[in-house]
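Residue numbers (our numbering): 103 to 355.
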């Protein structure tokens with residue numbers, strides 16, 4: 103049973119109130135000395151917490167004090183210790199994004215859900231897609247495109263009509279956002295080990311921004327994305343409510 107808990111919370115008043123109540127009941131430990139980190143907020147805060155603590159081996163147990171809470175467990179104060187003792191662990195690897203902007207600067211970021219490219223102006227984006235050095239799509243005219251992990255496949259990817267991927271599958275979802283040309287292209291599944299490159303066509307006329315789990319890079323000219331197995335995020339879920347069950351359940355609602 104976990105004994106030393108570090109509590110963190112989003113800025114939302116309901117999350118801050120919950121953190122205060124839990125600390126009063128269970129105490130609080132610095133994150134680098136804790137057995138488990140309990141994150142209070144929504145999915146966005148959970149992603150922020152996982153990225154922020156990626157250098158620690160400490161698992162993170164989320165309790166929903168936000169809106170959707172796909173990555174979170176239900177909020178409860180009274181039985182926290184018992185729930186932590188019974189929790190099941192999921193290990194996921196993030197994506198690594200490398201993006202170059204028009205001024206020649208390179209930016210790197212990790213993303214647990216997806217890396218997306220979105221048009222930055224009134225005109226549609228034009229993208230060239232290369233996978234493992236082989237040109238696969240000469241020109242995609244669209245509002246954007248994204249590469250999603252199985253854990254992130256029910257988020258922006260699903261809203262863009264991409265497929266839901268089972269947890270543990272060795273594939274990533276490559277999905278177009280509002281594609282115009284080619285009209286019949288609806289995306290692809292690529293191996294988890296693949297390196298996907300997006301080149302922006304006419305970046306001066308058709309600016310494109312890249313986003314790695316809400317970390318924006320504006321005016322990119324190319325973006326490379328690949329899985330980053332060297333980083334492993336440990337997430338705890340209540341029994342029977344892990345990512346695999348949630349992904350299956352999402353397909354029947």
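Glycine residues also receive a C-beta, built at the ideal position from the N, C-alpha and C atoms.
With a CB to CB cut of under 8 Å and the five nearest residues on each side skipped, what residues in its chain are close to residue 190? 338, 339, 340, 341, 344
Range of the contiguous beta strand (DSSP E) that encloses residue 227: 227-233
Just curious, the alpha helix (DSSP H) that residue 125 is in, first and last residue? 115-128
In the structure shown, what three-state DSSP assignment does residue 146 receive? helix
Can you find at least 3 beta carbon pairs, one from the stretch 191-204 and one from the stretch 314-331, that sit closer than 8 Å? yes
Rounded to whole angstroms, what is the Cα-Cα separation between residue 287 and residue 297? 20 Å
Could you tell me if residue 277 is buried or exposed, where buried requires 16 or more neighbouring beta carbons within 10 angstroms of its beta carbon? buried
Relative to the C-alpha of residue 150, which candidate in 188, 316, 233, 178 has its C-alpha closest? 316
If I'm right that residue 259 touches residue 248 with Cβ under 8 Å, what's the distance once you round it to whole angstroms? 6 Å
Complete beta strand (DSSP E) runs within the stretch 156-204 (minimum length 3 residues, chain order): 162-166, 190-194, 197-203
At the level of alpha carbons, what is the spacing between residue 256 and residue 229? 24 Å
According to DSSP, is residue 220 helix, strand or coil? strand
Shortest alpha-carbon distance to residue 238 belongs to which of 194, 165, 214, 290? 290
Should the stretch 218-226 be called in touch with the stretch 300-315, which here means at least 3 C-beta pairs below 8 Å? yes
Nearest to residue 99 by alpha carbon, out of 141, 157, 155? The question about residue 99 has no answer here: the residues shown for the chain are numbered 103 through 355.
Simplified DSSP assignment, three categories, for residue 348: helix
Would you report the Cα separation of residue 126 and residue 158, rounded to the nearest angstrom? 25 Å
Under 8 Å by Cβ, that's how I've got residue 155 and residue 133 pegged, so tell me the actual separation to the nearest angstrom. 6 Å
What are the residues that DSSP puts in a beta bridge with residue 246? 220, 279
Close Cβ partners of residue 250 (< 6 Å) along its chain, the five nearest in sequence each way excluded: 216, 259, 275
Give me the Cβ distance between residue 143 and residue 114, rounded to the nearest whole Å; I'm assuming they're in contact under 8 Å. 6 Å
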